[in-house]
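Each residue of the sequence shown is one higher than the last, beginning at 423 in my numbering. Don't be surprised by glycine CBs; every beta carbon is placed ideally from N, CA and C.
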Amino acid sequence: HWAIPRIIWKKMEEERMGKDVGRQGTLDGFVEKQAGSVVYTRENTLHAVTQFVAVDDQSLSIANKTMFRNCLVAMRPKSRLHDLPTTHDIVNHLHNEFVRWLAQLKEDIDV
């Protein structure tokens, strides 16, 4: 019985004792509520595309591909050309994030 979660074990014990177990459980404590939707800004888009390039091992030139830019515009039709990140923007953002991460790592190691 040690491998059975407490909630299920308790329910099994109540059923065994003949108690009414007709109530539905809740997900309180198991599911975290999101604070809200992410605001669409140029900085958030740049960060998301940079993560896509770095984590998914994509080419840096993907930012200048017409089909990729069309996908970004499809997600937010009000986007203008200067709102979409370029390869240069992604390289700079990736470099700055890496420098920031290294500085934080060095600070954590020194402590």
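Query, Result
"Whole-number beta carbon distance between P427 and T467, since they are thought to touch under 8 Å", "Actually they are not in contact, since the Cβ atoms of T467 and P427 sit about 41 Å apart, beyond 8 Å."
"I512 burial status per 10 Å Cβ neighbour count (16 or more: buried)", "buried"
"Cβ-heavy atom distance, K432 to the ligand GTP, below 8 Å", "With respect to the ligand GTP, the structure shown offers nothing to examine, as it has no ligands at all."
"H515 classed as buried or exposed, judged by whether at least 16 other C-beta atoms fall within 10 angstroms", "buried"
"I531, DSSP secondary structure in three states", "helix"
"T472 in three-state terms, based on DSSP", "helix"
"S481 (DSSP reduced to helix, strand or coil)", "coil"
"CB contact flag (L482, T448, <9 Å)", "no"
"Burial state of T463 (16 or more Cβ within 10 Å)", "exposed"
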